[in-house]
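Trainee:
Residue numbers (our numbering), protein chains in the order written: chain X, 1 to 284; chain C, 1001 to 1284.
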């Protein structure tokens, strides 16, 4: 089962990611329709040619039209949607998502889903500091990683289809990963970084800092403009892994405080050399 | 006393910053010479037209030629240089610098300097993750802040000259600031951010993280490639202010850990809204 232009693709939820998926797939001549709750959003997507058709009502016809359904919803809404409407799926439908946590969430979803519909989880590692379909942009996939996180319940065919989808969307890299390893890594590279940015932005109440900052502070706080509804949900959903990463970070940070207090220049230089060497691996 | 093309400008130290100063000033038709310890560096600066003349030997003639001397050296080398060679300055010379810490360092320097030479401290808030004259680039000043940090020992004329220099170099903003306030703010916006980046880059020893990261992690660790000689010196020199900022950051970070552990979604959302509002002030 490969991802090809014979498949009918339904996107549920036209936010920044759903909208960007629609844009990328429509531009590559796939058949793309959407279901979203806002009439304005739907009108925007239709008038900007992001989708060929769409509806704000979840109808059996709209859902059964699809061979592949991509969910661009917050985790708990995605789950509620499937609980409410899964009887509408056509047998053999493959569903996938953009959800930023996997682990227990995926286990619950696969447990509650009909036997004749397959959920292959994926996590596109990209975004913007703004949300909504009007910010949809298929360029966000360039240079980004697409994580496919199958479980033992997934078929080889659905995994392949989901990998294909990542490439079609234009991601820089498609990586397959276990759901629990996903949550551990995301806890570190994504959630921890957001926790740091929020903390840095709020730990000092001085006014007019923008007059004195260099690029470093701007870089470290770019993601401090944050969607509070989504991220608070993601933090709670990945609580165990995230708290472990936060603790490791905080302990290492305290070690640096101790070095500075002791004026341990050799220790600091060793740490900085290590930091420099590790960071160089990230230069593309 | 304004900064104009009649002044002879001597740059001591042709690293990234010294080289970039030379480039900017020479391109605007100022008379710029340099003293640096490496013959290769000097040759580079001459052959690339960054300076009109230069020497690797600190001679009375080379120093007395200058009306304005700009030091682009590490703090302790700057201090040693002045201790060794200040007898060479012509009376009335104004000296300034690029040093990233002020406070006690400035007090010591002004105390040891000849009475007929004036040191007006400045801190250009810009840089790159690479060093050396071959990376000199006068575009680093665009969009950046130039901090002038006078003390009660400085004259109105020297302060004005130093402010003019900031504008001539092409900085986005020239700000005047008390030396102790400087160290407190720099401890926060610059040194703390580097401490965070180093910590994030070294707190997790997993391999191949570069395959899984999104832009957030890259942003937060750009400055984790760091000049260990310079930054360890700056951290020690600003130990008191920096440790205070680190402690505030760490305590706020722990508060977020506690919120996540307690699944305090309202608390997190409030924090994120605050973070978002504060960060918006930084959008240029």
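For every residue, glycine included, the Cβ atom is placed at its ideal position computed from N, Cα and C. In this text the structure is predicted, and so the values were computed from the model without any measurement.
#1: Indicate whether residue 250(X) and residue 1253(C) have their beta-carbon atoms separated by less than 8 Å.
#2: The beta strand (DSSP E) with residue 1137(C) in it runs from where to where?
#3: Where do the N-terminal and C-terminal ends of the alpha helix (DSSP H) with residue 1044(C) fall, by residue?
#4: Would you say the stretch 100 to 120 of chain X touches the stretch 173 to 188 of chain X, given that touching needs at least three Cβ pairs under 8 Å?
#5: Compare the Cα-Cα distances from residue 49(X) to each of 72(X), 25(X), 234(X), 63(X) and report the closest residue.
#6: I'd like to know if residue 125(X) contacts chain C, where contact means its C-beta is closer than 8 Å to some C-beta of that chain.
#7: Counting only C-beta atoms, is residue 202(X) closer than 8 Å to chain C at any point?
#8: By Cβ distance below 6 Å, which residues in the same chain neighbour residue 223(X) in space, the five residues on each side in sequence not counted?
#9: So, helix, strand or coil for residue 118(X), using DSSP?
#10: Using only the alpha-carbon positions, how far apart do residue 256(X) and residue 205(X) sit?
#11: Below 6 Å CB to CB, which residues in the same chain sit around residue 1138(C) once its five sequence neighbours on both sides are set aside?
#12: Let's see if you can read the secondary structure: which residues bound the beta strand (DSSP E) around residue 1071(C)?
#13: With 8 Å as the limit, tell me which residues of the stretch 257 to 269 of chain X have their beta carbon closer than that to any beta carbon of chain C; keep them in chain order.
#14: Following a CB-centred definition, is residue 1028(C) positioned closer than 7 Å to any heavy atom of the ligand MN?
#15: Tell me which residues of the stretch 1231 to 1249 of chain C have at least one Cβ-Cβ distance to chain X shorter than 8 Å, keeping chain order.
#16: Under 8 Å between C-beta atoms, does residue 272(X) make it to chain C?
#17: Are the beta-carbon atoms of residue 1058(C) and residue 1007(C) separated by less than 8 Å?
#18: Do the stretch 1126 to 1145 of chain C and the stretch 1158 to 1171 of chain C meet, that is, are 3 or more Cβ pairs less than 8 Å apart?
#19: What are the partner residues of residue 1146(C), as DSSP defines its beta bridges?
#20: Entirely within the stretch 1224 to 1259 of chain C and at least 4 residues each: give me those alpha helix (DSSP H) ranges in chain order.
#21: I need the straight-line Cα distance from residue 1074(C) to residue 265(X), nearest angstrom please.
#22: How far does the alpha helix (DSSP H) with residue 1200(C) in it reach, from first residue to last?
#23: Residue 279(X) and residue 1201(C): beta carbons closer than 8 Å?
#24: Going by DSSP, what residue range makes up the beta strand (DSSP E) through residue 1097(C)?
#25: To the nearest angstrom, how far is the alpha carbon of residue 166(X) from that of residue 1047(C)?
#26: Closest to residue 1150(C) by C-alpha separation, out of 1120(C), 1189(C), 1243(C), would be which residue?
#27: So, with DSSP's three-state summary, where would you put residue 1179(C)?
#28: Starting from residue 1194(C), find everything on chain X with Cβ-Cβ shorter than 7 Å and list it in chain order.
#29: Going by DSSP, what residue range makes up the beta strand (DSSP E) through residue 54(X)?
#30: Could you tell me whether the stretch 81 to 95 of chain X touches the stretch 122 to 132 of chain X, using the rule of 3 or more Cβ pairs below 8 Å?
#31: Suppose you measure from the CA of residue 89(X) to the CA of residue 188(X); what does that come to, to the nearest Å?
#32: Pick helix, strand or coil for residue 1159(C), following the three-state DSSP scheme.
Mentor: On the basis of the coordinates in this document:
#1: The residue given as residue 250(X) occupies position 250 in the first chain. The residue given as residue 1253(C) occupies position 253 in the second chain. With contacts defined by Cβ atoms closer than 8 Å, residue 250(X) and residue 1253(C) form a contacting pair.
#2: Taking the first residue of the second chain as 1, we reach residue 1137(C) at position 137. Premise fails: residue 1137(C) is in no beta strand (DSSP E) and is neither H nor E.
#3: For the purposes of this step, residue 1044(C) is identified with residue 44 of the second chain, where counting begins at 1. 1039 to 1047 is the span of the alpha helix (DSSP H), which, as asked, contains residue 1044(C).
#4: Contact holds: three or more Cβ-Cβ distances are below 8 Å.
#5: As a position in the first chain, residue 49(X) is number 49, starting the count at 1. Cα-wise, what sits closest to residue 49(X) is 25(X).
#6: As a first step, residue 125(X) must be located in the first chain, where it is residue number 125. Yes, residue 125(X) counts as interfacial toward chain C.
#7: As a working note, residue 202(X) is residue 202 in the first chain. Residue-level contact by beta carbon holds for residue 202(X) and chain C, with a gap shorter than 8 Å.
#8: Locating residue 223(X) in the first chain gives position 223, counting from the first residue. Excluding five sequence positions before and after residue 223(X), the CB atoms of its chain that fall closer than 6 Å to its own CB belong to 194, 197, given in chain order.
#9: Here residue 118(X) refers to the residue found at position 118 when the first chain is read from its first residue. In the structure shown, residue 118(X) sits in a strand (DSSP, three-state: E or B).
#10: Taking the first chain and counting its residues from 1, the one referred to as residue 256(X) is at position 256. Taking the first chain and counting its residues from 1, the one referred to as residue 205(X) is at position 205. Approximately 24 Å, taken between the alpha carbons.
#11: As a first step, residue 1138(C) must be located in the second chain, where it is residue number 138. So the list reads 1020, 1023, 1024, once near-sequence residues are dropped.
#12: Counted from its first residue, the second chain places residue 1071(C) at position 71. Residue 1071(C) -> beta strand (DSSP E) spans 1068 to 1071.
#13: Hits within the stretch, in order: 257, 260, 261, 263, 265, 268, 269.
#14: Although the ligand MN was asked about, the structure shown includes no ligands whatsoever.
#15: If the cut-off is 8 Å between Cβ atoms, the stretch 1231 to 1249 of chain C has 1231, 1232, 1233, 1235, 1236, 1239, 1242, 1243, 1245, 1246, 1247, 1248, 1249 near chain X.
#16: By 1-based counting over the first chain, the position of residue 272(X) is 272. Among the residues facing chain C, residue 272(X) is included, as its CB has a counterpart in that chain under 8 Å away.
#17: Within the second chain, numbered from 1, the residue matching residue 1058(C) stands at position 58. Within the second chain, numbered from 1, the residue matching residue 1007(C) stands at position 7. Contact: no.
#18: In short, these stretches touch, since the Cβ pair count reaches three.
#19: Looking up residue 1146(C) in the second chain gives position 146. Paired residue(s): 1124(C), 1174(C).
#20: Correct list: 1228 to 1237.
#21: For the purposes of this step, residue 1074(C) is taken as residue 74 along the second chain, with counting starting at 1. For the purposes of this step, residue 265(X) is taken as residue 265 along the first chain, with counting starting at 1. Cα-Cα distance, rounded: 15 Å.
#22: Within the second chain, numbered from 1, the residue matching residue 1200(C) stands at position 200. Bounds of the alpha helix (DSSP H) holding residue 1200(C) are 1193 to 1202.
#23: Taking the first chain and counting its residues from 1, the one referred to as residue 279(X) is at position 279. Taking the second chain and counting its residues from 1, the one referred to as residue 1201(C) is at position 201. Contact flag set, yes.
#24: Position 97 of the second chain holds residue 1097(C). Run containing residue 1097(C): 1094 to 1097, per the beta strand (DSSP E) assignment.
#25: Here residue 166(X) corresponds to residue number 166 of the first chain, with the count starting at 1. Here residue 1047(C) corresponds to residue number 47 of the second chain, with the count starting at 1. Roughly 50 Å between the two C-alpha positions.
#26: The residue given as residue 1150(C) occupies position 150 in the second chain. Of the listed residues, the one whose Cα sits closest to residue 1150(C) is 1120(C).
#27: Along the second chain, read from residue 1 onward, the residue named residue 1179(C) stands at position 179. Three-state DSSP puts residue 1179(C) in a helix.
#28: In the second chain, residue 1194(C) corresponds to position 194, counting from 1. For residue 1194(C), the neighbours in chain X by C-beta distance under 7 Å run, in chain order, 216.
#29: Your numbering for residue 54(X) matches position 54 in the first chain. Note, residue 54(X): beta strand (DSSP E), 53 to 55.
#30: Short answer: they don't touch.
#31: The sequence position of residue 89(X) within the first chain is 89, counting from 1. The sequence position of residue 188(X) within the first chain is 188, counting from 1. Whole-angstrom Cα-Cα distance: 36 Å.
#32: Start at 1 with the first residue of the second chain, and residue 1159(C) comes out as number 159. Helix at residue 1159(C).
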